[in-house]
Amino acid sequence: MNNPYLAIFCLFLFALLLGVGFVIISHFIGQKRPSTAKMMPYECGIDPLGAPRAEFSVKFFLVAMIFIVFDVEVAFLFPWAVLFKGFMKAGLGGFVFAEMMIFMGILLMGLIYVYGKKALKWE
Amino acid sequence: MILLEHYLIVASLLFCLGLLGVLFRRNALIVFMSIELMLNAGNLVFVAFSRFFGRMDGQVLAFFIIALAAAEVSVGLAIIVVMFRKRGTIDINEASLMKG
Amino acid sequence: MTIATDWNMLLVKGLPFLTLLGMGLLLLVIEVLWWGKDKTIMLILSLLAVAASFYFAWDQWIQNIPWSQQLLVFDRLSYIFDLIFLFCLLITLLISRDHIKREHIERGEYYALLLLATVGMMMMAHAGDLMVLFLGIEVMTIGAYILAGIKKRHSKSNEAALKYFILGGIAAGLMVFGIAFFYGATGSTQLSILNQTFAEVDSSQSVLIFLAVALILVGLCFKIAAVPFHFWSPDVYEGAPTTVTAFMATAIKAAGFVALFRVLFIVISLTHIPWVPLLSTLSIATMTVGNLVALRQTNIKRMLAYSSIAHAGYALVGLAAAAKDNQLSEMALGAIVFYMMAYAVITLGAFAIVVAMGHRGDEAEEISDFAGLGQRHPLLAAAMTVFMIALTGIPPTIGFIGKFYLFASAIEVGLYTLVVIGVLNSVVSAYYYLGVVMTMYFKEGAVYRWPPLAYLLTTSIFLTLLGTLYWGVFPKDLFLMAQESVRQVIF
Numbered sequence: 323m324n325n326p327y328l329a330i331f332c333l334f335l336f337a338l339l340l341g342v343g344f345v346i347i348s349h350f351i352g353q354k355r356p357s358t359a360k361m362m363p364y365e366c367g368i369d370p371l372g373a374p375r376a377e378f379s380v381k382f383f384l385v386a387m388i389f390i391v392f393d394v395e396v397a398f399l400f401p402w403a404v405l406f407k408g409f410m411k412a413g414l415g416g417f418v419f420a421e422m423m424i425f426m427g428i429l430l431m432g433l434i435y436v437y438g439k440k441a442l443k444w445e
Numbered sequence: 003m004i005l006l007e008h009y010l011i012v013a014s015l016l017f018c019l020g021l022l023g024v025l026f027r028r029n030a031l032i033v034f035m036s037i038e039l040m041l042n043a044g045n046l047v048f049v050a051f052s053r054f055f056g057r058m059d060g061q062v063l064a065f066f067i068i069a070l071a072a073a074e075v076s077v078g079l080a081i082i083v084v085m086f087r088k089r090g091t092i093d094i095n096e097a098s099l100m101k102g
Numbered sequence: 471m472t473i474a475t476d477w478n479m480l481l482v483k484g485l486p487f488l489t490l491l492g493m494g495l496l497l498l499v500i501e502v503l504w505w506g507k508d509k510t511i512m513l514i515l516s517l518l519a520v521a522a523s524f525y526f527a528w529d530q531w532i533q534n535i536p537w538s539q540q541l542l543v544f545d546r547l548s549y550i551f552d553l554i555f556l557f558c559l560l561i562t563l564l565i566s567r568d569h570i571k572r573e574h575i576e577r578g579e580y581y582a583l584l585l586l587a588t589v590g591m592m593m594m595a596h597a598g599d600l601m602v603l604f605l606g607i608e609v610m611t612i613g614a615y616i617l618a619g620i621k622k623r624h625s626k627s628n629e630a631a632l633k634y635f636i637l638g639g640i641a642a643g644l645m646v647f648g649i650a651f652f653y654g655a656t657g658s659t660q661l662s663i664l665n666q667t668f669a670e671v672d673s674s675q676s677v678l679i680f681l682a683v684a685l686i687l688v689g690l691c692f693k694i695a696a697v698p699f700h701f702w703s704p705d706v707y708e709g710a711p712t713t714v715t716a717f718m719a720t721a722i723k724a725a726g727f728v729a730l731f732r733v734l735f736i737v738i739s740l741t742h743i744p745w746v747p748l749l750s751t752l753s754i755a756t757m758t759v760g761n762l763v764a765l766r767q768t769n770i771k772r773m774l775a776y777s778s779i780a781h782a783g784y785a786l787v788g789l790a791a792a793a794k795d796n797q798l799s800e801m802a803l804g805a806i807v808f809y810m811m812a813y814a815v816i817t818l819g820a821f822a823i824v825v826a827m828g829h830r831g832d833e834a835e836e837i838s839d840f841a842g843l844g845q846r847h848p849l850l851a852a853a854m855t856v857f858m859i860a861l862t863g864i865p866p867t868i869g870f871i872g873k874f875y876l877f878a879s880a881i882e883v884g885l886y887t888l889v890v891i892g893v894l895n896s897v898v899s900a901y902y903y904l905g906v907v908m909t910m911y912f913k914e915g916a917v918y919r920w921p922p923l924a925y926l927l928t929t930s931i932f933l934t935l936l937g938t939l940y941w942g943v944f945p946k947d948l949f950l951m952a953q954e955s956v957r958q959v960i961f
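And the structure:
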């Protein structure tokens with residue numbers, strides 16, 4: 323059968339089976355003899371210094387998370403901005419503008435929430 | 003010459019990699035990355051077909067998925083951070099109190 | 471470049487979820503701007519939004535003007551599920567207040583997330599496009615992740631959130647990949663496109679469609695916790711706050727089913743997929759595993775979690791019956807809608823009692839905590855007995871009627887084996903449901919001093935009890951409503 327998608331389908335199945343197969347095989351025939359040296363984190367062959375848990379400020383994560391969300395929402399603004407002139411010419415300017423304002427309004431609610439929770443305050 | 007099939011093959015492999023990672027890795031962060039891999043495999047398929055059809059709608063859909071993935075990332079990271087602060091580990095099996 | 475949509479129409483038809491969306495966002499803002507410490511205002515506002523939304527959905531259901539805007543569809547099926555979600559939300563809100571107060575999780579976010587998750591479910595019910603369906607699922611689940619882990623200082627709650635997140639992530643990945651292939655095969659993510667282009671789908675695309683449909687359906691099976699995609703969902707149910715568990719066990723399950731409906735309506739026309747054996751196997755596996763594992767649970771939330779898996783299995787019996795002859799039959803679909811309502815009413819009642827059992831510092835989640843309830847709190851014990859026999863499927867309760875319609879629809883199309891297995895499963899389930907009743911009446915328990923029941927909790931127990939018994943005796947109106955809802959499904 324001369325079907326390009328069938329090949330992809332077969333590959334898909336094959337890759338899955340191969341992956342599962344390897345894990346199962348290694349589970350059964352692999353030997354597990356954990357020792358202290360093996361369980362130690364590897365740091366270029368030198369014994370690790372200090373606790374691996376560096377004290378990151380939680381603020382750091384918080385700001386990172388907020389950044390991720392708002393950052394991606396901006397991605398919607400670019401196509402909108404690029405196409406806006408075209409929409410204006412077609413007489414849909416007001417409508418498209420209102421759409422984006424609704425979107426921004428919802429985001430603004432999120433920003434008010436984040437601000438009100440003092441998540442943006444960096445001590 | 004890179005054809006549609008090549009993109010689909012790469013996407014399929016990425017997807018399988020992600021799925022296997024989710025199923026077999028125990029580190030929550032790596033599981034997390036694997037989920038992203040699965041979502042992005044979907045994105046790749048969307049964009050490849052979109053290009054193949056010569057239309058833009060597939061790329062718009064990819065945007066939606068990126069936005070959703072971002073939302074998932076922030077919630078997932080929050081869960082992992084809370085878990086790490088509470089339990090001191092992000093190993094799923096080690097942190098498991100309830101029997102699966 | 472034209473946008474041919476009747477925006478006024480969309481606004482009116484979409485009011486049920488727009489109300490909730492608006493209120494959800496408003497609650498977030500109120501949460502940070504409100505000066506008082508008392509959160510009662512949040513509950514009142516949420517209840518108001520639910521009431522308004524309920525009115526709009528009910529109004530639209532009565533008017534019955536099916537309308538499709540391609541991305542969103544508005545028909546009776548979607549509105550009846552809106553009503554089911556709103557009922558679940560209502561009871562969840564009512565039982566929440568005391569629970570979240572003593573668990574110290576009473577925050578505006580709790581209410582806002584419940585409302586927003588419901589918006590996601592409604593989007594699923596109204597989805598005419600796979601992408602909208604997916605967005606709805608994600609809005610629902612992202613809300614549910616946070617709700618499951620909202621008890622930040624509890625390890626079990628954290629774990630529930632993490633496990634739910636991983637489950638949800640797998641489902642999302644599978645669905646996105648499936649939708650992408652669907653797009654590749656048909657050039658659109660619109661569900662109805664398959665009907666139009668099915669005639670001209672050649673063999674090379676049929677492989678893609680097969681892959682797409684398989685991935686999407688597996689993704690949805692994660693949402694309804696069908697075996698073998700159920701792993702960890704009992705952990706999630708156990709670890710999450712009880713009220714959230716109640717919401718997940720009822721509303722999210724119903725949402726999963728409506729999504730399954732929407733997809734199956736279209737893909738059922740793919741005749742080369744053996745739908746009936748596929749769905750029958752899924753159904754048998756789901757109910758059998760759910761019931762057998764539920765037998766040896768000692769935690770009531772875990773027991774109800776496995777019971778919810780088993781009940782998804784019963785509902786799948788109806789789906790298998792509906793899939794006969796490659797077009798979904800009305801009677802079986804109506805039976806599933808009815809079953810979803812019945813299951814929601816009973817399960818919410820049972821969870822309300824679990825919430826009522828707990829007090830500060832002791833959540834009373836073990837079945838043994840129910841010992842002696844029959845003597846000390848006869849009314850509560852009687853209510854729990856009703857819910858347990860309803861879950862088993864014994865008359866005169868709505869649980870019996872629901873199962874009766876489901877199995878009748880399966881017999882109609884000749885799926886006798888499936889019905890026999892279903893009935894056997896119900897018999898098995900009687901063991902653990904009635905076990906709770908036995909514990910309540912025939913075992914000596916520790917002497918608690920029962921705090922007086924809060925009136926909101928009493929109201930919710932009363933409402934669910936009334937529904938269980940009233941519709942158990944007079945099911946006709948509700949059943950006709952369920953039947954009407956599936957009569958005119960559009961895409």
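Here the protein sequences come in this chain order: A, B and C.
Heads up, the first sequence is in this note's numbering, so the first residue is 323 and it goes up one at a time.
Heads up, the second sequence is in this note's numbering, so the first residue is 3 and it goes up one at a time.
Heads up, the third sequence is in this note's numbering, so the first residue is 471 and it goes up one at a time.
Idealized CB from N, CA, C, for every residue including glycine.
These numbers come from a predicted model, not from an experiment.
- Spatial neighbours of Leu583 of chain C in its own chain (CB-CB distance under 6 Å, excluding positions within 5 residues in sequence) are listed in chain order as Gly613, Ile616 and Leu617.
- Residues of the stretch 382-411 of chain A with a Cβ closer than 8 Å to any Cβ of chain B, in chain order: Phe383, Ala386, Met387, Ile388, Ile390, Val391, Asp393, Val394, Glu395, Ala397, Phe398 and Pro401.
- For the pair of segments examined, the stretch 679-698 of chain C was found not to touch the stretch 71-89 of chain B: the number of CB pairs separated by less than 8 Å stays below three.
- Take the alpha-carbon of Gly788 of chain C and the one of Gly905 of chain C: they are about 28 Å apart.
- Taking CB atoms only, Ile81 of chain B has a neighbour in chain C less than 8 Å away.
- In the DSSP assignment, Val396 of chain A falls within the unbroken alpha helix (DSSP H) covering Val380 to Lys411.
- Counting other Cβ atoms within 10 Å of its Cβ, Cys332 of chain A stays below 16 and is therefore classed as exposed.
- Straight-line spacing of the CA atoms in Phe51 of chain B and Gln540 of chain C works out to 21 Å.
- Residues of the stretch 325-339 of chain A with a C-beta less than 7 Å from any C-beta of chain B: Pro326, Ile330, Leu333, Phe334, Ala337 and Leu338, listed in chain order.
- Nearest to Gly942 of chain C by alpha-carbon distance, out of C:Ala682, C:Ile864, C:Lys626 and C:Phe717, is C:Ile864.
- In summary, Gln845 of chain C is exposed, with fewer than 16 beta-carbon neighbours lying within 10 Å of its beta-carbon over all protein chains present.
- For the C-beta of Leu5 of chain B, not a single chain C residue is nearer than 7 Å; the gap to the nearest is close to 13 Å.
- Taking all protein chains in view, the Cβ of Ala521 of chain C is surrounded by fewer than 16 other Cβ atoms within 10 Å, so the residue is classified as exposed.
- DSSP places Gly613 of chain C in the uninterrupted alpha helix (DSSP H) bounded by Leu600 to Ala618.
- Just measuring C-alpha positions, the residue of C:Ile550, C:Pro536, C:Gly578 and C:Val543 sitting nearest Leu515 of chain C is C:Gly578.
- Taking a Cβ-Cβ cut-off of 7 Å, Val49 of chain B has no neighbours in chain A, whose nearest Cβ is about 14 Å from it.
- Within the stretch 578-590 of chain C, not one residue has a Cβ closer than 7 Å to any Cβ of chain B.
- Closer than 7 Å at the C-beta level to chain C, one finds these residues of the stretch 58-78 of chain B: Gly60, Leu63, Phe66, Ile67, Leu70, Ala73, Glu74, Val77 and Gly78.
- Contact of Arg89 of chain B with chain C by beta-carbon distance below 8 Å involves Ser625 and Asn628.
- Interface residue (Cβ-Cβ distance to chain B less than 8 Å): Gly341 of chain A is classified as such.
- With a cutoff of 8 Å on beta-carbon distance, Leu99 of chain B and Gly643 of chain C are scored as not near each other.
- At a cut-off of 8 Å between beta carbons, Val436 of chain A makes no contact with chain B.
- The C-beta of Leu678 of chain C comes closer than 8 Å to at least one C-beta of chain A.
- Residue-level contact by beta carbon fails for Val418 of chain A and chain B, as no gap is shorter than 8 Å.
- Here the alpha carbon of Leu762 of chain C sits roughly 25 Å from the alpha carbon of Val825 of chain C.
- Neighbourhood of Ile94 of chain B in chain A, by CB distance below 8 Å: empty, with the nearest CB roughly 15 Å away.
- For Trp537 of chain C, the secondary structure class from DSSP, reduced to helix, strand or coil, is strand.
- Between the beta-carbon of Leu885 of chain C and that of Ala791 of chain C there is about 6 Å, and that keeps the pair under the 8 Å contact cut.
- Only Leu491, Leu495, Leu496, Leu498, Val499, Glu501, Val502 and Leu503 from the stretch 488-505 of chain C bring a Cβ to less than 9 Å from some Cβ of chain A.
- Residue contact check for Leu617 of chain C against chain A: no CB pair falls below 8 Å.
- The contact set of Leu681 of chain C on chain A, defined by CB atoms closer than 9 Å, consists of Tyr327, Ile330, Phe331 and Phe334 in chain order.
- Contact note: Phe26 of chain B reaches chain A through Val345, using a C-beta cutoff of 7 Å and chain order.
- Leu603 of chain C is not a Cβ neighbour of Ser753 of chain C, given a cutoff of 8 Å.
- Of all alpha-carbon atoms in A:Trp444, A:Val436, A:Leu429 and A:Lys443, the one lying nearest the alpha-carbon of Gly492 of chain C is that of A:Leu429.
- Excluding residues up to 5 positions away in sequence, Asp599, Leu600, Met601, Ile649, Phe652 and Tyr653 lie with their Cβ nearer than 8 Å to the Cβ of Thr659 of chain C in the same chain.
- Remark: C-beta atoms of Ala630 of chain C and Val733 of chain C do not approach each other more closely than 8 Å.
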